[in-house]
Amino acid sequence: MNYSTRWRNCARKQCRNNGREMTMEEKERLYPLTDLYADNTQKTYGREAESCAFLLGGIGTGNISVGARGELKSWQIFNQPAVENINPYTFFAIRTQEEDGTITAKVLESEYTPPFAKPQGFLRCETAGWPRLSDSRLSSRYPFVQVEFQDKDLPVQVSLEAYTPFIPLNADDSGIPGACLRYRVKNPTNRPVTVSVAGSLNNAVGFTGYDMFDIMTFQGERRNEKRESGRLKGVFMRGDKLPDNLLSNGTMALAVTDEKATVRPYWLLGQWTDGAEDFWEDFTSDGELDESSSVEARGCRMAELFDYTYLHFFFRVGAVCSKRVVKPGGEELFEFMITWSFPNRVKGWPDSIEALEAVKNGEYETIRNYYAARFPDAWSAAEYLDQQKERLEAGSRMFSNAFYQTTLPGYVLEAAADNITVLRSPTCFRIENGDFLGWEGVDRTAGCGSGTCTHVWNYAQTVAFLFPELERSMRRIEFLKETRENGHMAYRTYRGLGLEQWDMLPSADGQLGTVVRFYREWKLSGDDEFLRESWEKIVSCMEFAENTWDQDQDGVLEQAQHVTYDTELYGITSMVSTIYLAALKASAEMAGYLQDEKRAEKFRDRFEAGSKKLDEISFNGEYYIQILDHLENYRYQYGEGCLSDQLLGQFMAHCAGLGYVLPKEHVKKASESIFKYNFIRHARDYVHGERAFILNDESGLTPCTWPKGGKPRFPFTYYGEVWTGIEYEAATLLLYSGLIDEGLTVVKAVRDRHDGYRRNPWSEVESGNYYTRSMASYGVLLALTGFAFDHRTGTISFKPQINGDDFSSFWCNGKAWGIYHQKKDAQTGELHKEMEVLYGQGDDIRVI
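When you line the sequence shown up against my numbering, it's residues 3 to 850, in that order.
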């Protein structure tokens, strides 16, 4: 019976949602089925979508972002979070000249949108006084972002496409510190139009912050120089007299692929806005740039006497310009590159007031970024992008086309693709030896949650499937560096940076989840050496769990368990015990493969006993509850509540290919109950005292409700919040259980909230922006496609949950990726299957 039929039949029944009764029929109307089962069309965002910020930059390189107006924003390239950073006088502009001599010149952004309330008005460096285009609309097909411009004055049509190469299974070529920006200019008239496109970039090397007037401040001296190599012409930017360890000590570059381009290494250095006035006059006069400019006239006496920043044009801005004739009905492509190289990052996790103050004062050790070894300066990155452009773009576009050539709903693709950007945000980084690490998320100017936190990364699936080598590096650190002799694994990585191990109590969910994720990495890679080198540490972790949390050795955890809610859960909780069961099942399989039969039997027996006991004592007929005597003696528990994380281990087991750890029918019922009780249709009707992530009419899935009463006086911290990672976890469980409409409803609610106006579609937040847990969204893709994998046998398989008679989807199995198709013959009923391998080693892969 499908969702609609079942809920219509239950229309008179009611469910309680934190004290509020809602009919099933009312709840059903949240989304029409036509919306849930939409095609693969992607959203577009108008210029008013001020929250939009599409990240450009490689894995672990920092990033800049493109906004819905086509503007460049959020300059986070200096090895620290800085979502609000702007780079002065950095923009692109267009000039057209028609046959009759009519000249039009505008900044290649659409007009500013309200609010305009600023204490000093718009800053001079924002050039808001220069004309802009009438309108714009942004869209994306990852890793490409497109901005279509409209303007009533220009005689040509202009659009922007920008990207940084992104090729799954190729982390190096997906880790380039830079971006390609292409302005496509079409001439719809019957007359030729001379078109110039200029790019301007401020040299931000030595950046230290902003002063009281929001003017960028620097250390040292900034130097620009004209550079040419091959087709590239541009400006290379560096700094002198800078501290060796300064995070912003590095290089930048702006280049254009046009041998005839004109280049100005420096805007005019003068007073007030001399440089800007001079540049605009130079560009608009003839559509070319003079290499230099000077002024002899007497200036401002006050500027000669005082050193106030606003009195002097001290920015070291460079610019390039490409000029061409666009024939009637023709088009021209103006291609630019912005690249950077800032090798130094803090050797540590500065996330306290004291640590951040030390960073501000230069009191820190550094470690080098991985990308800096490949690209010693920004110009070398630009050369690589240009020289390898055909291959890099082909691989990136092949991925994009494969990913979006699917029969899955567009918002599902958004959920999976838009959260890939976590990898390219300040949340994640690679150090010089190639190891991959990450924060939980990042705030405006600091990281949040240090040390590749195991119990947050438990949820994330994206890296494991798209870049398994990076995920394996995390597992090696966790087992080979962070696991003590007694099996206690530090759940925040410090030794990975060469620091003293983090001294904290163990995390039950994080430690056991890491075993499950190790199994996933092993199955994805088929790398037996990877398994053998860590096996004894895996065993010690499981023995530590037995001695610490499962002291009666019955396969169910009873002792205090520190979890991702930043507190301890007491007694028996299926949230952690299902992870334990998944870890036992995974360990049994790995032990069996290694012919470690004694351990295999022990883990297998413990799993079977624990699964049976947990189900018997914790399942109340609808969902799994916490078993704890004298609940009133403990704060921050959930007791009789319906916990959205109650099947966290089952979610991880599904994604790792372990199958069920609890009875299938009970998993389905519990998943259904999570949706039934915890999905909030209207935020205003749900009362709690935690942080609010949904508001007013917005919908979302909350971590816990108490539909049968028994809510503790002080429930666990975060109980009333809405975390997208948990929402995707619950959606994945629903989909694996065949509750398709319910699962899709949860996913659509998440993505509807991230509409570009209220929230950034490319940054799902929790404790900070670009939050790691949001990468659970890839689990939705796994569940809907029914994708299963095993490199031990060289097989993959698919079991589509929707559109099975005519189905297409992207797949990636750790060694290759491509497109899978299946179609039912209308006459014979036979299912024809086809697997296309587009990248990687696919010769030994069989579809079963």
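Every residue gets a Cβ at the ideal spot worked out from N, C-alpha and C, and that includes glycine.
Checklist entry - How far does the beta strand (DSSP E) with Lys-826 in it reach, from first residue to last? => result Residue numbering aside, residue 826 sits at position 824 when the sequence shown is read from its first letter. Segment 818-826, the beta strand (DSSP E) holding Lys-826.
Next on the checklist: Taking the straight line between their C-alpha atoms, what separation do you get for Met-218 and Leu-270?
Outcome noted: Numbered from 1 along the sequence shown, position 216 holds the residue referred to as residue 218. Numbered from 1 along the sequence shown, position 268 holds the residue referred to as residue 270. Approximately 18 Å, taken between the alpha carbons.
Item to check | Continuous alpha helix (DSSP H) assignments of at least 4 residues falling wholly in the stretch 616-667 | outcome: Taking only runs of at least 4 residues, the alpha helix (DSSP H) segments lying wholly in the stretch 616-667 are 650-658.
Next on the checklist: Determine whether the beta carbon atoms of Gly-72 and Leu-162 lie at a separation below 8 Å.
Outcome noted: The residue labelled residue 72 in the question sits at position 70 within the sequence shown. The residue labelled residue 162 in the question sits at position 160 within the sequence shown. Yes.
Checklist entry - Whole alpha helix (DSSP H) runs in the stretch 402-475 with 4 or more residues, listed along the chain? => result With a minimum length of 4 residues, the continuous alpha helix (DSSP H) runs that stay inside the stretch 402-475 are 412-420, 456-459 and 464-468.
Checklist entry - Secondary structure at Met-491, three-state DSSP: helix, strand or coil? => result As a working mapping, residue 491 is identified with position 489 in the sequence shown. Residue state for Met-491 is assigned as strand, using DSSP reduced to three classes.
Checklist entry - Using DSSP with H/G/I as helix, E/B as strand and the rest coil, what is Phe-809? => result For the purposes of this step, residue 809 is taken as the residue at position 807 of the sequence shown. Here Phe-809 sits in strand by DSSP.
Checklist entry - Looking at C-alpha atoms only, which residue of Leu-703, Ser-675 and Ser-673 is the closest neighbour of Ala-685? => result By 1-based counting over the sequence shown, the position of residue 685 is 683. Considering only alpha carbons, the answer is Leu-703.
Item to check | Phe-215 versus Leu-482: straight-line alpha-carbon distance, rounded | outcome: For the purposes of this step, residue 215 is taken as residue 213 along the sequence shown, with counting starting at 1. For the purposes of this step, residue 482 is taken as residue 480 along the sequence shown, with counting starting at 1. Approximately 49 Å, taken between the alpha carbons.
Checklist entry - Nearest-angstrom Cα distance between Ala-55 and Asp-792? => result Taking the first residue of the sequence shown as position 1, residue 55 is located at position 53. Taking the first residue of the sequence shown as position 1, residue 792 is located at position 790. Their backbone Cα atoms lie some 37 Å apart in a straight line.
Checklist entry - Around the C-beta of Gly-758, are 16 or more other C-beta atoms found within 10 angstroms, so that it is buried, or is it exposed? => result Position 756 of the sequence shown, counted from the start, is the residue given in the question as residue 758. Buried, by the Cβ-count rule.
Checklist entry - Residues bridged to Asp-242 by DSSP? => result By 1-based counting over the sequence shown, the position of residue 242 is 240. When DSSP reads this structure, Asp-242 sits in a beta bridge with Glu-223.
Next on the checklist: Check for me: the beta strand (DSSP E) holding Leu-38 runs from which residue to which?
Outcome noted: As a position in the sequence shown, residue 38 is number 36, starting the count at 1. Per DSSP, Leu-38 belongs to no beta strand (DSSP E); it is in the alpha helix (DSSP H), 35-38.
Checklist entry - What beta strand (DSSP E) runs, 3 residues minimum, are completely inside the stretch 38-86? => result 46-48, 56-58, 65-68 and 74-78
Next on the checklist: Assuming contact is defined by CB atoms lying nearer than 8 Å, are Glu-333 and Ala-375 in contact in what I supplied?
Outcome noted: For the purposes of this step, residue 333 is taken as residue 331 along the sequence shown, with counting starting at 1. For the purposes of this step, residue 375 is taken as residue 373 along the sequence shown, with counting starting at 1. No Cβ-Cβ contact shorter than 8 Å links Glu-333 with Ala-375.
Checklist entry - Residues bridged to Met-837 by DSSP? => result Here residue 837 is taken as the residue at index 835 of the sequence shown, counted from 1. Answer is Tyr-822.
Checklist entry - Whose C-beta lies closer than 7 Å to the C-beta of Thr-259 among residues of the same chain, with five residues either side of it excluded? => result Within the sequence shown, residue 259 is the residue found at index 257, counting from 1. Excluding positions up to five away in sequence, the list reads Arg-233, Leu-234, Glu-337 and Asp-388.
Checklist entry - Is it the case that the Cβ atoms of Gly-816 and Tyr-841 are separated by a distance below 8 Å? => result As a first step, residue 816 must be located in the sequence shown, where it is residue number 814. As a first step, residue 841 must be located in the sequence shown, where it is residue number 839. Not in contact: Gly-816 and Tyr-841 (Cβ atoms no closer than 8 Å).
Item to check | First and last residue of the uninterrupted beta strand (DSSP E) at Glu-111 | outcome: As a working mapping, residue 111 is identified with position 109 in the sequence shown. Segment 105-112, the beta strand (DSSP E) holding Glu-111.
Item to check | Three-state secondary structure (DSSP) of Thr-787 | outcome: Here residue 787 refers to the residue found at position 785 of the sequence shown. In the structure shown, Thr-787 sits in a helix (DSSP, three-state: H, G or I).
Checklist entry - Which whole-angstrom value is the C-beta distance of Ser-776 and Thr-726, which I expect to be below 8 Å? => result By one-based count along the sequence shown, residue 776 stands at place 774. By one-based count along the sequence shown, residue 726 stands at place 724. At roughly 5 Å, the Cβ-Cβ gap stays under 8 Å, so Ser-776 and Thr-726 are in contact.
Checklist entry - Under a Cβ-count criterion, where at least 16 other Cβ atoms within 10 Å of its own Cβ denotes burial, should His-632 be classed as buried or exposed? => result Within the sequence shown, numbered from 1, the residue matching residue 632 stands at position 630. Classification for His-632: exposed.
Checklist entry - Distance, Cα to Cα, Ile-574 vs Asp-556? => result One-based indexing of the sequence shown puts residue 574 at position 572. One-based indexing of the sequence shown puts residue 556 at position 554. If you take the alpha carbons of Ile-574 and Asp-556, they lie about 12 Å apart.
Checklist entry - So, using beta-carbon positions, are Gly-252 and Glu-223 closer together than 8 Å? => result One-based indexing of the sequence shown puts residue 252 at position 250. One-based indexing of the sequence shown puts residue 223 at position 221. Not closer than 8 Å, so no.
Checklist entry - Smallest Cα separation from Gln-78: which of His-490, Val-319 and Thr-63? => result Translated into positions along the sequence shown, residue 78 becomes position 76. It is Thr-63 whose Cα lies nearest to the Cα of Gln-78.
Checklist entry - Applying the criterion that 16 or more other CB atoms from any shown protein chain within 10 Å of the CB defines a buried residue, is Asp-647 buried or exposed? => result As a position in the sequence shown, residue 647 is number 645, starting the count at 1. With 16 or more other Cβ atoms within 10 Å, it is buried.
Next on the checklist: Would Asp-511 and Ile-619 qualify as a contact pair, given that the criterion is a beta-carbon distance under 8 Å?
Outcome noted: The count along the sequence shown starts at 1 and reaches residue 511 at position 509. The count along the sequence shown starts at 1 and reaches residue 619 at position 617. Contact flag unset, no.
Item to check | For Lys-329, three-class secondary structure by DSSP | outcome: To locate residue 329, count along the sequence shown from 1; it is residue 327. Note: Lys-329 maps to coil in three-state DSSP.
Checklist entry - CA-CA distance, Gly-103 and Phe-281? => result Indexing the sequence shown from 1 puts residue 103 at position 101. Indexing the sequence shown from 1 puts residue 281 at position 279. So the two alpha carbons sit approximately 21 Å from each other.
Checklist entry - Met-24 to Lys-710, Cα distance in whole Å? => result Along the sequence shown, read from residue 1 onward, the residue named residue 24 stands at position 22. Along the sequence shown, read from residue 1 onward, the residue named residue 710 stands at position 708. Low per-residue confidence applies at Met-24: pLDDT is 49, beneath 50, and the placement is therefore not dependable, though the value from the model is reported in the following sentence. C-alpha separation (whole angstroms): 15 Å.
Checklist entry - Terminal residues of the continuous alpha helix (DSSP H) containing Leu-270? => result In the sequence shown, counting from the first residue as 1, residue 270 sits at position 268. Neither: Leu-270 is in no alpha helix (DSSP H) and is coded neither H nor E.
Checklist entry - If we count the other Cβ atoms within 10 Å of its Cβ and call it buried at 16 or more, is Met-577 buried or exposed? => result The residue labelled residue 577 in the question sits at position 575 within the sequence shown. Result: buried.
Item to check | Range of the contiguous alpha helix (DSSP H) that encloses Arg-97 | outcome: Here residue 97 corresponds to residue number 95 of the sequence shown, with the count starting at 1. Per DSSP, Arg-97 belongs to no alpha helix (DSSP H); it is in the beta strand (DSSP E), 93-99.
Next on the checklist: Would Trp-441 and Thr-456 qualify as a contact pair, given that the criterion is a beta-carbon distance under 8 Å?
Outcome noted: Position 439 of the sequence shown, counted from the first residue, corresponds to residue 441. Position 454 of the sequence shown, counted from the first residue, corresponds to residue 456. No. Outside cutoff.
Checklist entry - Just how far apart, CA to CA, sit Asn-11 and Glu-744? => result Stepping through the sequence shown from its first residue, residue 11 is reached at position 9. Stepping through the sequence shown from its first residue, residue 744 is reached at position 742. For Asn-11, the pLDDT reaches just 35, beneath the cut-off of 50, and the residue's location in the model is therefore unreliable, although a value from the coordinates is still provided. Going by the C-alpha atoms only, they are around 16 Å apart.
Checklist entry - Could you give the uninterrupted runs of the alpha helix (DSSP H) lying entirely in the stretch 310-385, keeping only those of 4 residues or more? => result 355-362 and 372-376
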